[in-house]
Amino acid sequence: MTSDGNAMPVAVITGAASGIGRACADLLGAAGWRTAGIDLNASDTDQSLEADVSERAAVARAVGEVVERFGQIDLLVTAAGYYEEGIDVVDITVAQWDRMLSVILGGTVNCCAAVLPVMLSRGEGTIIAISSELALAGSATDLHYVAAKGAVLGLVKSLAMEVAETSIRVNAVAPGPTDTPLLAADSLWRKPDYLATLPLGRLVRPDEIAHAVYYLATEGSMYCGEVLSPNAGAVI
Amino acid sequence: MALVTGAAQGLGRATAFRLAAAGFAVAVNDICDDGRLTEVASRIGGIAVPADISDPAAGPAMVEAVASELGPVYLLVANAAAMAMAPFLECEPRDWWRQIDVNLSGHFRIIQAVIPGMRAQGRGRIVIIASGWGVIGHQNATAYAASKSGLIALTKGLGRELGLQGILTNAIAPSFIDTEQLRVDADDAGITLDEMRQRYRQQIPIRRLASTADIAAAVAFLAGPGSGAMVGQILQPNGGVTRTRA
Chain A
0 MTSDGNAMPV
10 AVITGAASGI
20 GRACADLLGA
30 AGWRTAGIDL
40 NASDTDQSLE
50 ADVSERAAVA
60 RAVGEVVERF
70 GQIDLLVTAA
80 GYYEEGIDVV
90 DITVAQWDRM
100 LSVILGGTVN
110 CCAAVLPVML
120 SRGEGTIIAI
130 SSELALAGSA
140 TDLHYVAAKG
150 AVLGLVKSLA
160 MEVAETSIRV
170 NAVAPGPTDT
180 PLLAADSLWR
190 KPDYLATLPL
200 GRLVRPDEIA
210 HAVYYLATEG
220 SMYCGEVLSP
230 NAGAVI
Chain B
0 MALVTGAAQG
10 LGRATAFRLA
20 AAGFAVAVND
30 ICDDGRLTEV
40 ASRIGGIAVP
50 ADISDPAAGP
60 AMVEAVASEL
70 GPVYLLVANA
80 AAMAMAPFLE
90 CEPRDWWRQI
100 DVNLSGHFRI
110 IQAVIPGMRA
120 QGRGRIVIIA
130 SGWGVIGHQN
140 ATAYAASKSG
150 LIALTKGLGR
160 ELGLQGILTN
170 AIAPSFIDTE
180 QLRVDADDAG
190 ITLDEMRQRY
200 RQQIPIRRLA
210 STADIAAAVA
220 FLAGPGSGAM
230 VGQILQPNGG
240 VTRTRA
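Top to bottom, those sequences are chains A and B.
Mapping of the first sequence onto numbering that gives the first Met the number 0: residues 0 to 235, in sequence order.
Mapping of the second sequence onto numbering that gives the first Met the number 0: residues 0 to 245, in sequence order.
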């Protein structure tokens with residue numbers, strides 16, 4: 000219970016089984032939030048729901064289960080995604096493009112579409128989409144990922160304005176290269192030559208992304224369509 | 000320990016209280032002490048260090064005095080500001096330079112003065128209070144907007160220059176905050192305070208003015224342990240003002 004006697008808030012986190020999503024679930028859970036994870040795999044959350052975010056009906060079912068159990072949703076964090084790098088633009092297949100767009104952009108849309116009516120019914124809530132610093136700066140050899148993450152920012156800014164006069168806030172967090180399983184051991188972003196170009200000279204930790212999410216969720220009611228980028232200086 | 004400039008009232012005052020609640024020893028500065036600065040200092044158990052930061056000698060001397068009493072500055076909140084509204088062609092050079100001297104050059108000198116202590120500690124945080132007008136500009140406020148845009152560029156440069164030394168510089172660009180300044184604005188416009196609030200709300204997509212607590216929370220985030228990967232960033236908790244199109 001909160002100090003004023005209300006039940007603790009409820010967060011739905013996609014991609015909660017690993018990496019940034021998991022770090023968000025861990026931090027929110029440690030702060031007493033009730034957490035529901037939507038992921039292809041089981042997550043260490045209060046309510047673990049296995050679903051593919053690119054499937055709208057599956058997301059709607061999962062969100063319905065959250066509402067059935069907790070009765071409300073205060074926060075949606077869309078962290079589900081995957082990464083592919085080292086592909087020349089002409090070699091990105093149609094299937095690779097379609098899958099990336101459908102998981103990262105489509106997944107964010109599906110989750111917003113399922114959760115927004117729940118928030119609108121109470122007139123309040125927070126949506127935080129995990130984008131990428133690459134969407135701010137552009138990048139070579141991962142164009143489909145960058146395009147999808149950039150599209151998420153357009154969605155966030157527009158949805159934020161659409162619901163601006165309610166107490167629902169929509170914002171994005173755009174992490175820099177973060178030390179998660181998404182970055183392969185031989186990833187360009189782990190190479191010392193690259194890290195040496197960063198003002199902080201290191202990868203971002205998943206918990207640093209979670210803290211930005213937590214700040215926006217708890218004290219970020221004045222942010223509307225903004226992008227917070229804990230990126231170790233990758234984009235300034 | 001933290002040093003907050005412009006802390007006798009409004010945002011600086013709220014920030015000093017928030018930081019003290021978070022465990023910081025806080026030194027509060029303002030251009031003079033008419034009793035309000037001492038009141039803030041005594042309520043938070045900190046010290047008052049009045050000084051006109053546009054005076055080239057006063058800012059560095061203040062930093063030295065703070066360090067000798069409370070130790071080297073870990074967190075600088077660069078908040079003090081001068082503002083004078085005027086159409087561009089009517090902007091007096093004296094008013095132009097006053098705003099640049101306080102907002103930009105005054106903080107340049109203070110930042111220069113705090114960096115050696117931060118380097119010696121191997122860590123530090125600099126939080127610069129910029130402005131939404133420094134992001135998108137504003138009519139009749141070219142000097143103020145230029146000074147705040149300068150602070151944004153300073154933030155980015157310092158972020159790059161000092162990051163590897165463990166000193167993280169970020170900025171906050173608020174827009175309309177519910178402070179004592181609104182009373183001044185209302186008097187200037189010849190309307191009531193509530194009418195002034197309503198006029199500003201209409202310019203904010205979320206139709207709500209920021210409270211000083213909202214901005215102090217942003218400072219606390221940038222000063223705290225969870226923001227260690229934030230460097231050279233400009234936070235904009237302004238209700239979407241800088242997202243709107245003219």
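Each residue gets a CB set at the ideal place from its N, CA and C atoms; glycine is no exception.
What residues of chain A sit near residue i, judged by a beta carbon separation below 9 Å?
i	result
B:F16	Result: empty, since nearest Cβ-Cβ is about 15 Å, beyond 9 Å.
Can a CB atom of chain A be found closer than 8 Å to the CB of residue i?
i	result
B:N237	yes
B:R242	yes
B:M229	yes
B:G225	yes
Quick check on residue i - is its C-beta less than 8 Å from some C-beta in chain B?
i	result
A:K190	no
A:S228	yes
A:M221	yes
A:K156	yes
A:A28	Position check: residue 28 of chain A holds Gly in this sequence, whereas Ala was assumed. No, because no Cβ of chain B sits closer than 8 Å to the Cβ of A:G28.
A:E207	yes
A:E218	yes
Given residue i, which residues of its chain have a CB within under 7 Å of its CB, disregarding the five upstream and five downstream residues?
i	result
A:Y193	L187
B:E179	Q8, G9
B:S148	G133
A:D200	Just to set this straight, residue 200 of chain A is Gly in the shown sequence, not Asp. The answer, listed in chain order, is L194.
B:M229	L167, N169, L221
B:T141	F87, C90
B:R206	R200
B:S226	F220
What residues in its chain sit with their C-beta under 8 Å from that of residue i, if we drop five residues either side in the sequence?
i	result
A:V65	V9, V11, A35, Q46, L48, I72
A:I235	P198
Check the Cβ of residue i against every Cβ in chain B and list those closer than 8 Å, keeping chain order.
i	result
A:A235	The question names Ala, but residue 235 of chain A in the sequence shown is Ile. In chain order: K155, G158, R159, V230, G231, Q232.
A:E161	Neighbours of A:E161 on chain B: none; closest Cβ ~10 Å, over 8 Å.
A:E164	P204, I205, R206
Cutting at 6 Å between CB atoms, please list the residues of its own chain near residue i, excluding the five before and the five after it.
i	result
A:I103	G80, A147
B:A83	D94
A:Y96	A quick correction: the sequence has Trp, not Tyr, at residue 96 of chain A. If we look at A:W96 and ignore the five residues flanking it on each side, its Cβ neighbours are H143.
B:T14	V3, V76, A215, V218
A:L31	For clarity, residue 31 of chain A is Gly in the given sequence; the question names Leu instead. Within the same chain, A:G31 has close Cβ partners M7.
A:S17	P180
Using a Cβ cut-off of 7 Å, pull out every chain B residue sitting near residue i, in sequence order please.
i	result
A:V169	Under the 7 Å cutoff, chain B gives no residues; its nearest Cβ is about 10 Å from A:V169.
A:H143	Ordered by position in chain B, no residue passes the 7 Å Cβ test against A:H143, which lies about 25 Å from the chain.
A:G232	G158, R159, G162, V230, G231
A:Y81	Chain B residues near A:Y81: none, gap ~22 Å exceeds 7 Å.
Would you mind telling me which residues of chain B sit closer than 9 Å to residue i, beta carbon to beta carbon, in chain order?
i	result
A:G224	P204, G239, R242
A:E132	Residues of chain B passing the Cβ test: none, with the nearest at roughly 10 Å.
Taking Cβ-Cβ distances below 7 Å as the criterion, which residues of the region 199-223 of chain B are in contact with chain A? Answer in chain order: P204, I205, R206, A209, D213, A216, F220.
Could you say if the region 166-174 of chain A and the region 212-229 of chain A meet the contact criterion of at least three C-beta pairs nearer than 8 Å? yes
Taking only beta carbons into account, state which residues of the region 156-189 of chain B come closer than 7 Å to chain A, listed in chain order. G158, R159, G162, L163
For the region 176-202 of chain A, which residues have a CB atom closer than 7 Å to at least one CB atom of chain B, in sequence order? P198, L199, G200
Against chain B, which members of the region 90-123 of chain A pass a CB distance test of less than 8 Å? none
Across the region 125-144 of chain B and the region 171-185 of chain B, are there enough close Cβ pairs to call them in contact, namely three or more that are closer than 8 Å? yes
Does the contact criterion of 3 or more C-beta pairs under 8 Å hold for the region 53-61 of chain B versus the region 91-109 of chain B? Judged by Cβ distances under 8 Å, the region 53-61 of chain B makes contact with the region 91-109 of chain B, as three or more pairs qualify.
Would the region 3-22 of chain B and the region 87-97 of chain B be scored as touching if the rule is three or more Cβ pairs under 8 Å? no
Is it true that the region 37-46 of chain A meets the region 118-134 of chain A, where meeting means three or more beta-carbon pairs spaced less than 8 Å apart? no
Contact between the region 169-185 of chain A and the region 202-218 of chain A is defined here as three or more beta-carbon pairs at a separation below 8 Å; is this criterion met? yes
Would you check if there are 3 or more beta carbon pairs closer than 8 Å linking the region 151-169 of chain B to the region 110-122 of chain B? Under the Cβ criterion (8 Å, minimum of three pairs), the region 151-169 of chain B counts as touching the region 110-122 of chain B.
Contact the region 30-39 of chain B vs the region 226-239 of chain B: 3+ CB pairs below 8 Å: no
Okay, do the region 95-114 of chain A and the region 50-70 of chain A touch, 3+ Cβ pairs below 8 Å being the bar? yes
Are there three or more Cβ pairs, one per stretch, closer than 8 Å when the region 77-95 of chain A is compared with the region 134-146 of chain A? yes
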